[in-house]
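Trainee:
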Amino acid sequence: RGLGDVYKRQVVDMGGGTTDFTLLDLGEVGGNGALTEQAVLANHGIRLGGVNFDKSISLSKVMPTLGYRSKLKGDSGLITPNWVYQMLSTWSEINFLYAPKHRSDLKWVIRNGAEIEQMERLEHVLHEQVGHEICHNVELAKINLSIEDSHQIDLTYVDRDLKIPMQAAELPDVLATDLSSFKTSIMETLNLADVKLSQVGMICLTGGSTNLLPVQTLIKDLFPAAKMIEQDKFSSVCRGLTIDAEGRFA
Numbered sequence: 052r053g054l055g056d057v058y059k060r061q062v063v064d065m066g067g068g069t070t071d072f073t074l075l076d077l078g079e080v081g082g083n084g085a086l087t088e089q090a091v092l093a094n095h096g097i098r099l100g101g102v103n104f105d106k107s108i109s110l111s112k113v114m115p116t117l118g119y120r121s122k123l124k125g126d127s128g129l130i131t132p133n134w135v136y137q138m139l140s141t142w143s144e145i146n147f148l149y150a151p152k153h154r155s156d157l158k159w160v161i162r163n164g165a166e167i168e169q170m171e172r173l174e175h176v177l178h179e180q181v182g183h184e185i186c187h188n189v190e191l192a193k194i195n196l197s198i199e200d201s202h203q204i205d206l207t208y209v210d211r212d213l214k215i216p217m218q219a220a221e222l223p224d225v226l227a228t229d230l231s232s233f234k235t236s237i238m239e240t241l242n243l244a245d246v247k248l249s250q251v252g253m254i255c256l257t258g259g260s261t262n263l264l265p266v267q268t269l270i271k272d273l274f275p276a277a278k279m280i281e282q283d284k285f286s287s288v289c290r291g292l293t294i295d296a297e298g299r300f301a
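Below you can see the structure in the form of structure tokens.
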């Protein structure tokens, strides 16, 4: 509402775990300002959001300090099991890692890891069950790096002097796989409607994860001529439902 005469608009809603794309042609809006079926050119979505960014940051910056991809003892050339760190960097799986069925396997990893200091840290994290606290600190780093050039991930509750520096300039590389999926989905949305990048005149961003600078930079690079607006980052869905209800039931 009230955003001028730019007709084709790409709405990007990126939240904690999913991203939804809607391509609109507001030249097809009804006389009362309500969207018609013709106005919605395409809908698309992927399971990508803030928790995926958190996991990528954790695996890149934090998990190596706990032994991720470090060598096991001996001459086998083997490294620590990937599954341990995948679970430890995923909010929804951390509690499962503490379950009794994993204890003997985790003890084996800690006992056979060649990097003693890192294995001691891993043991502390598991014993004290601070996996979710690590995830929270990683999320804070992600948020702060959207407004600051650098940030330290404070893990002094794991090891007295453990603070991991991170630069905002690192984020595009750290999140490269996630950003590639995001870009692919934007292109898929346009293809569904047979619309070219140059035909989109406005990008509407909503959802907290669109605050991330690499996300905004990618969108600006794809749509250099489009106007980008940010409205109701955390309440757009509720506001939209309220406006729709007003039109239907008032």
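Mind the numbering: the sequence shown is residues 52 to 301 in this note's numbering, read in order. Think of the CB as a built atom: it goes at the ideal place given N, C-alpha and C, for glycine as much as any other residue.
Skipping 5 residues on each side, what residues in its chain have a beta carbon closer than 6 Å to that of Thr293?
Mentor: none
Trainee: May I have the straight-line CA-CA distance separating Asp283 from Gly259, to the nearest angstrom?
Mentor: Rounded to the nearest angstrom, the gap between the Cα atoms of Asp283 and Gly259 is 10 Å.
Trainee: When DSSP builds the beta bridges, which residues end up paired with Lys214?
Mentor: Note: Lys214 sits in a beta bridge opposite Asp205.
Trainee: Which residues in the same chain as Leu263 place their Cβ atom closer than 6 Å to its Cβ, once the five residues preceding and following it in sequence are excluded?
Mentor: The residues are Ser197.
Trainee: Assuming the contact rule is C-beta atoms closer than 8 Å, Gly66 and Gly101 should be a hit. Round their C-beta distance to whole Å, please.
Mentor: 7 Å
Trainee: Give, in chain order, every unbroken run of the beta strand (DSSP E) that is at least 3 residues long and sits entirely within the region 272-299.
Mentor: Listed in chain order, the complete beta strand (DSSP E) runs (minimum 3 residues) inside the region 272-299 are 278-281.
Trainee: Tell me the DSSP secondary structure of Arg52 in three-state form.
Mentor: Its pLDDT being 48, under 50, Arg52 is placed unreliably in this model, and the coordinates cannot settle the point.
Trainee: Please classify Ala93: does DSSP put it in a helix, a strand, or coil?
Mentor: strand
Trainee: Could you check the C-alpha separation between Thr70 and Leu177 for me, to the nearest Å?
Mentor: A direct Cα-Cα distance of roughly 32 Å separates Thr70 from Leu177.
Trainee: Could you compute how far the alpha carbon of Ile237 sits from the alpha carbon of Pro265?
Mentor: 15 Å
Trainee: From Asp167 to Ser121, what distance separates their C-alpha atoms?
Mentor: For the record, residue 167 in the displayed sequence is Ile; it is not Asp. So the two alpha carbons sit approximately 10 Å from each other.
Trainee: Do Leu241 and Ile280 have their CB atoms nearer than 9 Å?
Mentor: no
Trainee: On a CA-only basis, which of Asp245, Glu144, Lys158, His202 is nearest Val181? Give me that one, please.
Mentor: Glu144
Trainee: For Gly118, which residues in the same chain have their Cβ closer than 7 Å to its Cβ, ignoring the five residues on either side in sequence?
Mentor: Thr131, Gly164, Glu166, Gln169, Met170, Leu173
Trainee: Between Lys247, Ser249, Ser232, Arg299, which lies nearest to Gly96 when the distance is taken from Cα to Cα?
Mentor: Ser232
Trainee: For a minimum of 4 consecutive residues, which ranges assigned as the alpha helix (DSSP H) are wholly contained in the region 67-152?
Mentor: 101-108, 133-139, 145-148
Trainee: Here's the rule I'm using: 16 or more other beta-carbon atoms within 10 Å means buried, otherwise exposed. How should Asp272 be labelled?
Mentor: Here Asp272 is exposed. Its C-beta has fewer than 16 other C-beta atoms within 10 Å.
Trainee: Does the beta-carbon distance from Val246 to Leu74 come in below 9 Å?
Mentor: In this structure, the beta-carbon distance from Val246 to Leu74 falls below 9 Å.
Trainee: Just list the alpha helix (DSSP H) runs in the region 222-249, keeping only unbroken ones of 4 residues or longer that don't cross its boundaries, in chain order.
Mentor: Whole alpha helix (DSSP H) segments, 4+ residues: 222-225, 227-244.
Trainee: Following the continuous alpha helix (DSSP H) through Val251, name the residue where it begins and the one where it ends.
Mentor: Premise fails: Val251 is in no alpha helix (DSSP H) and is neither H nor E.
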